[in-house]
Structure formats: structure tokens, C-alpha cells
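For the sequence shown, my numbering begins at 1 and goes up steadily by one.
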Amino acid sequence: MALLDMLKFYARFEINDETGDPLTDHDMTQLHYAKIKSLQKAAFAKFPNLRLFALSNVANVDTRESLEKHFGALDVHSLREIARYLNLIPDEAQQPPFEWQRADEEFLRELLISRHERRVSQLESLNEMPLYPTEETIWNENIVPTEFYSGEGCLALPKLNLQFLTLHDYLLRNFNLFRLESTYEIRQDIEDAVSRMLPWKSEDGDVVFGGWARMALPIQSFAVVEVSKPHIGEKKPSRVRADVAVTLNVRKEVQEEWENLRKHDVCFLITVRPQQPIGTKYDYRGHFVPQVGLVHVRGCEIEGMLDANGRVIEEGIEQRPQLTGEQRTFRVWLDSNQYRQDMDREGADEDREDVYEGFNIIMRRKPKENNFKAVLETIRHLMNTECVVPPWLHDILLGYGDPGAAHYSRMSEQARALDFNDTFLDYEHVASSFPQYEISCADPKVQPPFRLTFKDVPEEEDSDSETQNGTDKELPKRILVEPYRIPKRGPYKYNEPKKNVIRFTPTQIEAIRAGMQPGLTLVVGPPGTGKTDVAVQIISNLYHNHPQQRTLIVTHSNQALNQLFEKIMALDIDERHLLRLGHGEESLETEKDYSRYGRVNYVLAKRIDLLGQVQQLQESLGVRGDVAYTCETAGHFYLYHVVARWEKFLADFEQRNQAKEGTETATGPCKELFEAEFPFTRFFRDAPQPLFGGESFEENMEIAHSCFRYVSHLFTELEEFRAFELLRSGLDRSKYLLVKEAKLIAMTCTHAALKRKELVNMGFKYDNILMEEAAQILEIETFIPLLLQNPLDGYNRLKRWIMIGDHHQLPPVIKNMAFQKYSNMEQSLFTRLVRLGVPTIDLDGQGRARSSICELYKWRYSKLGDLEHVNRWPEYCRANAGFGFEYQLINVEDFNGVGESEPNPYFYQNLAEAEYVVAVFMYMRLLGYPSEKISILTTYNGQKHLIRDVIEARCASNPMFGKPHKVTTVDKYQGQQNDYILLSLVRTKTIGHIRDVRRLVVAMSRARLGLYIFGRVGLFKNCVELQPAFRLLMKRPLQLQLLADETYPGERKLHEPATDASKITSISDMTVMAQFVYKFYMSKVNVIREEMEKMKELYEKQRQEQEEKLNEQIKQSDAEAEEARKQMQLKAEAEKKQFTPTPIRNELGEDTGATVVSERPRRGTKRPAAAEATVDINQAASDAKDPSEAMDNDPEEASTENQASEQAANSEVEEREEE
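Structure, rendered in C-alpha cells:
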């Protein structure tokens, strides 16, 4: 029946059968009216019994019920006459071969009714379709087949072939397949979560849960709280809201996950009525629905969590209120279309139960896997709008016409001269990059950058005659190379532009050239051929050659986008023009924030910094007023003060240069004159000095121009930032940044699909698209980025579409085998275009792996060679220390009679291989290999978790081992690399999905210097698909060959045999390797212990020597101190004997005696200098005396000294008081 419905659908597809043009709903309505009118005319003219039908309104007679009413009473003769009149059946008078034609009454009546009944619009039916799957579709094998699809038979599923009828057909097929694939993934999540909760039937008939699930919770209560009226012209409610109450009696981290559910996150409401009593064990191999008693499944969308007052907690910068207890209530949106269908069914069948009364489980999904609804809404919105793709791309997307029509050589806007910026390192690089061309240049010793003119590209002609004459003449394959100088941007060192240092190969240069030209560019990049470097250079050249154009960068994963974006940040690109959208921005290895709000904050901070520089410039020019208050005042300052002074400077120097040309020397008056007359000399006083250090007038004038460019650029940036002063909210500023300011916008394909409607409504515009990892992106997710902007005057403004990928590596991930193989859903748009014959540029030089390792996968490519450094760099020329070979296949037999195991469905593990791989990792660490240069890969998630567990038990806590750089699956590691790869193949019974050659290519191409594969050789060597690689692997011993006496990095040359063959250790199996590593580890530990003992003895010896030395130093210092004390005593005694007090003379001439002490001066009067000197000397003498000596001295002398000391002390106190 499903196949019949599909046939009926495409029999009435909205397309013109003769021209192939798509038909709109209005066109289909007009065709329907024409058919009805022709039938009414025939009935009016020939059949009086149908006079009522002929005179009725079309809308009253085009339903099936009305047509059955009018044609039901007609006999077979009348029906046959009408059908003949409408040329629906052949004339009876005709001869065979039409004798097979049916002409019975039932057939003729159905023929007339089905042809003339009102058709349901495909768009209307699509808009009325619920987006969430229900229990009727999730477990329907005819709609969503199980994973065990054998490939035999025909399924009622749409296919993604090479060609499509229209864009509507293309979108509809992708919509249906994406919805079904999402349904299959939802089914797996529901089965996993509900099975973990163990629903049982209690003795009183209620549902009890014997387990728990991280992703699901029992529902305490559910209530529909709002059903809004439909919009005009619609039947479904405009909004349906409900409250779901749950109890979060789970671990804290799980509770936080539930509380942090964001707006628009999708959850599922499930009703189960199990019949199994408490304690029943579930069989995961049996059918799921009858075991758990699943009745209903409905989707919903989170609006928010309710606070204590019943209001939705809004997301924002404010701190969320802390809720007490474990009871939480979520407000959700239900699907309006599904709600209407459920209510209609309930109204039609009174005995039918209410779906929305029995929900007892709510299930959430991982955020990365829960974007299906937004993508489906985007596709449906595209089908409801006019999809305008560039005319040069339309037929190629549908699979028609000339596959090479969009190549740059066929485009009318092909550029003849291209500015390659810093692509070339020197002139020789240019000559070697175009071997098919004749290179001409005035001076072969010129330096980059270069502008290349391709003489084989015709020039744009003005008249038709000239065009015709130009096409008759064969153009020469010659390239004219023209060097040019990039004007200096300022006097500072950081003003120097960043330059490319990669010597691109000829095929990479051709890819860069194609990417700079308008049209469609497909670049096939095998592993290690520099796809990312090519993409980055194309972006750089487009940015500099077309500064007004905007480029959209799209990749499959956040990791690939971050790798690409980090390289873009190292280019000569102003960072204010960079923008990274999506949640993966947090993992960028940079301190700067390139998200929307991060860029807004950068602009605001940069604005303040620039206005500060304007303030400095104002002060240096001596201009009054607050000109650095806003960007607007700064603009007036630039126009009326900066430009005016600059123009005056140029005019004065031009006159002076004409009047005194050649009379000033380079280092004399010329330099001094520049420094004196240049208006911005003071502003650039922090620049490297001297500012004008040129050897000629022209050089100094160029320095002046570069300084003015710096100043001018400063005000240009401020003018661009002026809008951020006018826009006050962060949201408006971020929108302006996205729509106007940013020139390079990066996002993942998923983000583009999720935010398409928002971007279009915002007025987002772009001119170029560059897609990395294009072969890993789903067909529909590749197509959506083409339509992230509204058409301009009915045309799409897209000029370039660059797709870079490798269809020989892994395709998009599709979990359902039927959708993957039968519906061909794993075919990316990149792969489809390659299969259609669209011209590609195949990169042919790999610089990642050793040449011998590259042999394991290069057979998959038509031409793939090695770059020069692969055979020249020391790391490639050295052998892997401790190993007999740089790559090897190691046979792993069963351990204790067990090979692969499957504790859960499709959760494959192999303990022997896991232990073997970890043992080799430990061995490498003992030899000195850095852990960050080792990655462990496997082909199954179960083995990945097992290896991680073994590492945690064996290595993680031991500083001699630690953890490897990564332990992950081959599929997750695509696009990454490491020096040494340990690969576990896991399977021992069947080949598994490594049979896919694309997965094998990825697995073999991740290693740079060493690849060691662990698997069951007897199983894999007979696989036909893997023969080319395993034939090479089988040429080497199948037992691991080790050289334990070597240490990393080693000195032995590659392919150089070991000096002593007896030192090679052959490892027969995992247990031998484990014992070998243990003994090797213990030997290392013993060596460390011996070294530690030696170090301990040495430390004790050094400590004793230091103590003895310290004791000697203490004794020596004590002796020196004693000697110093004695010297001080002797010196004090000598000073005492030599001291004679200075008498105070009576200036009035009266003789008062030599020893009379002067009276204490009155407060506030200044003491004579002589008195001060006397007091100071007496004080010093008093301080120098020993107390015991003072007791032995003459009492009178001591009294005199005491009086002097008293006077000095009183004098000091009075001075302090005065101060």
C-alpha cells in the first residue's frame, strides 16, 4: 500500500510533463479547473443527464463524494462515451494492441473520479504533518525498517539518486528521509532509557519502576494548561502548552542536567502499562513494545522550568533563582498538528482514550543528537518559500545539463588577472606551479607578492565584432608575472603584514586559482595533502582581493571548524572582521572570544582604545576641545584637522621639492625638514626612532605616507564602530556585527540548518561559501547554507562555492542500514557531484605519513605522491626506536578461549587486543615516547571503553606511563593525525564495518611515523575489499618485533637492519607481551632504584660536606666578629684619650672659665653652630665610652659629660616639639 501511495504521489507530482518546469500550487489549481471545465463541457453537450453537474460551480463538484453522486447513476455505456470523448480510453474501432484496455464500469467510474477529484496540495499536507514521531511510526517496520536490512526486496522509501525532478522534489525526499532517520535514532534512545527504568506492574495494578535512567524520569503529574485558537486560515491550534511535574531524586550532576534544559530542547512523553510483575528481567533481544507495555509516545518542546510562583524562568544573564526541594515543573509546547489529529480521532471514536492523560515517563536526549526538529522546520520552511539558487548552479544540483557548466573556465565573469597576494614564496615558485604555461616577467629576480595575468583567458570585448574576432584566434598559454609593493601600513613593527610560508604544489595552486574565480570548485584532498592550508589561502586571497565581499565558512564538525579558524586567525586578516557562530567556539585555543557577543565586547574595547589614540593625536597637534568623546566627534576632528594638516604638508613639500629638487642631502636638511614639518611627529614618538631614517627624499616621503595610512586607518575603524554607539542593546549590536561588520563568518552545517530562519529574517548576506569536510556532510545540510539569504531582485548573489573534501574517506553517519544503503542517504552532495562528472581538482602530494605507510592506502587514489620533506626531514629518515618496523600487522589470538564479546547489542569488545594494545603503549612510554604523540584507535565504541578502562587500571596513576593523547574510534578521528597510531580491529567472527574501504583508508592514514595494527589475521586477510592493504601488511612478520635496547628518539636509520639480530625480540601473543613489559618495567624500576640509591648517597655526602663547610664558616665568622669587637674597643679607647672639649667663649669678653657649660637656650631660639657641634661631639664621646670605664673616670669629668648629654637630649626634644 505504501508503494502504491508513492506511485500515486509521483503520478500527480507538481511538474510539467512536457517541459519539466516545476508547477506551483496556483498552476496545479488552474490545471485542475481546466480538467473539470472540459468534463462539464462534455457533459453539457453530450449527456443531458449530467446537466446539473455541467452547470454547477467547480468547487461544489470536484470532491470525491460529489463526483460519485453524479457519476454513480451512469451505466457503463455512458461512462465509456465520456471517457472516449475525453480521450482517456482508445476507440473501440481501433485494432489491437489496445485490446488489453479495461472498459468495465468500476474501472471507468474510478478513472473519471480520480482524474477530476480535487487533489490535496503536497505543501498543505506537508504543513499539516506532525514533526514528532509517534508510536505508530517509530515501531512500524514498513516505515522505519530495522537495522537488519539484507538489501533484498523493494522498500517504500524515497531515494536520493543522482537526479531529481525539481527543487521541491529534492527537498521533500530529504525531508522524509531525515525525519525517518531521526525516528530510528529516537527509537533507540527510547528503548535504552525505558529499559533502564524497568517498568513493572505492581500488585494493585499501578506502574512501578525498578531501575533508573539518566535520560528519563517518572512523571508525577501532567496537565494541558493552554490550547490557543487557530490562526486565520488554519485548523490546528496556534499553541498548545502543558505542565510536566517530576521529582529530581537523582545525583546532583544529573539533577543539574535536568534543571539546565534550555528553551526549545525536545523531550518525549511516554505512556507505559507493563504487564510484567515486579522482578521480571527484560530480554533486550526480544520485541521491546510488548515487554514494557508501551502505549503512547508524543514529542514536546521545553519552554522553561517554573519557579515557586508558577512563572517560567527566563534564560538570561541574571542568576537563576534557587528552588528548594526536589519537585520541579516544566512548561512544554506540544505539537499543534499532532494535538489536532489526536482530538479529531477522539471525537470520531468516543471509546478512544485520551492520549494526554496517561503519560508517566519524560525522556530527554543529548543536545548534539536533538536538533532534528529544527532541521525539519528549516526544510519545511524552504519548501514554503521560493528557493532561488544561482542560475549557474541550478541544473547541476538537480543532476541535469553539462556537469562542467559551473567550472570557472566556463563562467562569463572569469577574471583574467589575479592577485595571488602572498601565495608564492618567490619567482621560481611561480614558474614551477604552472608547468603547462610559458612564464614571462621583466625581471626574474623580482620578489613577491605577484599579480598574474593569464593570456589564455579572453579579454572582455565591447563590440560583437571584436568578440567574434577574438574567439577565432587561439590564445597563447602564457602568464605575465607582475610584482608589486604592498604600501606600508605604519611605522611600527606590528604593522608588517603576516606572510604565507608554505610552498604550495602545482595542484594546490590550481585549487587556489579556481577558488578565487567565480563558479563551483570541487577539491578532492586525500589524507595529508594540505586541504586546510589550501582553504585558508583561498580565504585570505578572497579577503584581500574583494574587501567588500563576505565569505561564509562551513564545516561538518566543531573540531574541524576550530582547526580551520585557528589557521585563519594567523593570517593577515583584521580580527574585527572574524566571527565564529555556534557553541564550539569555547574550544578554540585562543584567549580571544570570537563569538557574537565576544566580538561586540572586542569592538567596544577597541573603540575606547582608538579614542584614546585620538586623544593623544589631538594633544600632539595642540587642538583644543573634547574631540575624542565619540566616533562622530573623532570623524569631524579627522576631517577638519588631520586631513587639513596632511594636505598642507603635502602641498608645501611638493612646492619645495619642485623649487629645490636635488639640493638637499638625504641625511641633512631633508631628514631634519621632515621631522620639523611633518604634523604627526609627536604622535609617533613611541615608534622606532629616527622616524625618518630614509636615504632619500622619496623614502622619507613613503614613511610619511605610511604614518598617515596608520592614522587614516584608525579613523576608518572608528567610523565602522560608530553604529555600536547608536545601538544600545547587546542583541542589536550583535546583529549589526553579523550582518554588516564581519567579513568571514564561520559555522557548522548543523548551526546553519538550525538558525537559517533567524539569519534570513536578520538580513544576512554573503557572496562566497567555502565548505571543508564536504564529503562528510549530509546532502540537505550541504544545500541549506546556499539559502541563508534572501534573493536580491529575484537572483541569488552567491558568486563562488568552494567544496573541499574526500569522498574516498568516511561518508555522513547514517545509523539505519536501510536508509544508508537502499535510500542512499549516506551519499553527500560532494560525492553526488563527483559521480555526476563535475570537474574536480585532485591534490596529489601528501606530506603527513612516511612513504611506506602511505602505500597502505594510496592505491585508493589515481595519483598520490610524497612531498619532498617526507624523504628529507630527520624524523622521517629515522626508524621507530624499539620496533623492528615502522608499520606492522600483529596477529592476536583468543585469550582464555574468548575473542570478541558482545555484552550489549552492537557493543563489541576484545579483551586480548585491549590488553595487547595497552601493553605496547606502556612499552613505548618506557622507551621514552611522549604520551601526546601516541593515539589508540579502534573500530567500535565498546572496545574504546574497554581500552580506557584498562588504561585507567594499568597506566593512569603511574607517572611512568600516564595516558595516551586520545583513545577513540576511527570514525571520530577522521581529520586528525598523530605520530604513532595503535589500531585495534576487534572482530574475530565477522569482518564488521571495517569492510567499508572508506573506513579502512581513514584508519590507515592517521599515522605519521608509526602504525601498529592488532587483529585476527586469519579473518581479515581473506576479505576481498581489504586485499590491497593487507597484502602489503602480510609481507612482514605477524609477530611484533621489538628492540628493547633502543631509546626514543633513536639513531637507527629507516630500513637499516639491526646491528645484532639476536637483540630482536619476537612477541608471540598478548601474555608474552604483558610479561615482557612487566620485566622491562621492573628493570627500569630497578635502574631507577639504583640511581636513587646513588643519588641518596651523593646527597648525604654533599649534605655532610655542606655541614662541615658551614661549621667552618661559622667558626671563621665568629673569629672575625671577635676580632672586630676588639678593634672597636681599642679604637674607642684611643678616641677617648684624644678627646678635649671645646670651651665656650664669652663673646662679651668676660672670663668665665674654659669648662663653663652654656645655658640652655630658650625655646624657639636657634642654637649657635658651635654649641651644636660641641653637644654632638660630647654625645658621640659619651656613646663611645664603655659603662664600666665611665664608673672608673673622674666624677667631675663624668658630671660634665652628663650635663652635656642632658643638654643635647633636651635640645633634641625641643626641636621635635618645634617641628
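Just so you know, even glycine gets a beta-carbon here, dropped at the ideal spot from N, CA and C.
inquiry  = Report the CB separation of Ile362 from Ala216 in whole angstroms; it is logged as a contact under 8 Å.
reply    = 7 Å
ask   = Based on the DSSP secondary-structure assignment, which residues constitute the bridge partners of Pro218?
value = Ile361
query = To which residues of the same chain is Ala912 closer than 6 Å at the C-beta, ignoring the five residues directly before and after it?
reply = Listed in chain order, the non-local C-beta contacts of Ala912 below 6 Å within the same chain comprise Val892, Phe895 and Met1070, local neighbours out to five positions each way being set aside.
message = Helix, strand or coil for Thr271? Go by DSSP, reduced to three states.
response = strand
ask   = In its own chain, which residues sit with a C-beta less than 6 Å from the C-beta of Ser228, not counting the 5 before and 5 after it?
value = Pro237, Ser238 and Arg239
inquiry  = Report the start-end ranges of each beta strand (DSSP E) in the stretch 825-892 that is 3 residues or longer and not cut off at the edges.
reply    = 840-842 and 887-891
ask   = Does the distance from the C-beta atom of Phe1221 to that of Leu982 stay below 8 Å?
value = The displayed coordinates of the chain run from 1 to 1219. Any statement about residue 1221 would go beyond what the structure contains.
ask   = When the Cα of Tyr282 is compared with those of Ala193, Ser828 and Ser114, which residue comes out closest?
value = Restricting attention to Ala193, Ser828 and Ser114, the CA atom closest to the CA of Tyr282 is found in Ala193.
task = May I ask you to report which of helix, strand or coil DSSP gives Lys35?
result = Of the three classes helix, strand and coil, the one that applies to Lys35 here is helix, per DSSP.
inquiry  = Would Pro785 pass as an interface residue toward chain D - the criterion being a Cβ-Cβ separation below 8 Å?
reply    = No chain D appears in this structure, which consists of one protein chain only.
ask   = Do the CB positions of Leu294 and Val272 come within less than 8 Å of each other?
value = yes
request  = Decide yes or no for the touch test of the stretch 790-799 against the stretch 569-578: beta carbon pairs closer than 8 Å, at least 3 of them.
outcome  = no
key: Straight-line gap, Asp17 to Leu23 (C-alpha atoms, nearest Å)   = 10 Å
ask   = Can you name, in chain order, every residue of its own chain whose Cβ lies under 8 Å from the Cβ of Ala628, other than the five neighbours on each side?
value = Leu611, Gly612, Val614, Gln615, Gln618, Ala634 and Phe637
request  = Check whether the Cβ atoms of Leu937 and Tyr887 lie closer than 8 Å to each other.
outcome  = no
Residue span of the alpha helix (DSSP H) that contains Ala687, given as start and end = Where Ala687 is concerned, there is no enclosing alpha helix (DSSP H), given that its DSSP letter is neither H nor E.
query = Smallest Cα separation from Val997: which of Lys455, Ile991 and Glu1025?
reply = Comparing Cα positions, the closest option is Glu1025.
inquiry  = At the level of alpha carbons, what is the spacing between Leu650 and Leu673?
reply    = The straight-line gap from Cα to Cα measures roughly 13 Å.
inquiry  = Using 8 Å for Cβ pairs, my map puts Ile538 next to Ile509. What's the rounded Cβ distance?
reply    = No, Ile538 and Ile509 are not in contact; Cβ-Cβ is about 11 Å, not under 8 Å.
query = Of all the options Val481, Lys455 and Arg328, which has the alpha carbon lying nearest to the alpha carbon of Val446?
reply = Val481
message = Are the CB atoms of His965 and Lys933 within a distance shorter than 8 Å?
response = yes
request  = Take Val834 and list the residues in its own chain whose beta-carbon comes closer than 8 Å to its own, dropping the five residues that flank it on each side.
outcome  = Leu522, Val524, His807 and Thr840
request  = Take Ser1188 and list the residues in its own chain whose beta-carbon comes closer than 6 Å to its own, dropping the five residues that flank it on each side.
outcome  = Only weak support is given to the placement of Ser1188: the predicted model assigns it a pLDDT of 40, under 50, and the question is left unresolved by the model.
task = Would you grab the beta carbon distance between Leu836 and Pro403 for me? Rounded to a whole angstrom, and I think it's under 8 Å.
result = 5 Å
ask   = Going along the chain, which residues of its own chain have a beta-carbon closer than 7 Å to the beta-carbon of His429, five neighbours each way excluded?
value = Arg503
query = Does the distance from the C-beta atom of Pro690 to that of Cys749 stay below 8 Å?
reply = no
inquiry  = Using only the alpha-carbon positions, how far apart do Leu425 and Val501 sit?
reply    = 7 Å
request  = Report the rounded CA-to-CA distance for Ala605 versus Asn558, giving the unit in angstroms.
outcome  = 28 Å
query = Just reading off the alpha helix (DSSP H) that Met6 is part of, what are its end residues?
reply = Ala2 to Ala11
ask   = Taking the C-alpha atoms as reference points, what is the distance between Thr1152 and Glu1123?
value = Because the pLDDT of Thr1152 is 42, which lies under 50, any placement of that residue in the model is unreliable, and the question is left without a value.
query = Is the beta carbon of Arg878 sitting closer than 8 Å to the one on Pro1057?
reply = No, Cβ-Cβ distance for Arg878 and Pro1057 is not below 8 Å.
Assigned secondary structure, Gly20 (DSSP; H/G/I helix, E/B strand, else coil) = coil
query = Three or more beta-carbon pairs under 8 Å between the stretch 847-858 and the stretch 998-1010, yes or no?
reply = The stretch 847-858 and the stretch 998-1010 touch, with no fewer than 3 CB-CB distances between them shorter than 8 Å.
task = Determine the burial state of Met6: buried for a count of at least 16 other Cβ atoms within 10 Å of its Cβ, exposed for fewer.
result = exposed
key: Rounded distance between the beta-carbons of Leu67 and Ile117, thought under 8 Å   = A small correction: the amino acid at residue 117 is Glu; Ile does not occupy that position in the sequence shown. Yes, they are in contact, since the Cβ atoms of Glu117 and Leu67 sit about 6 Å apart, within 8 Å.
task = Could you have a look at Asn562 and say whether DSSP puts it in helix, strand or coil?
result = helix
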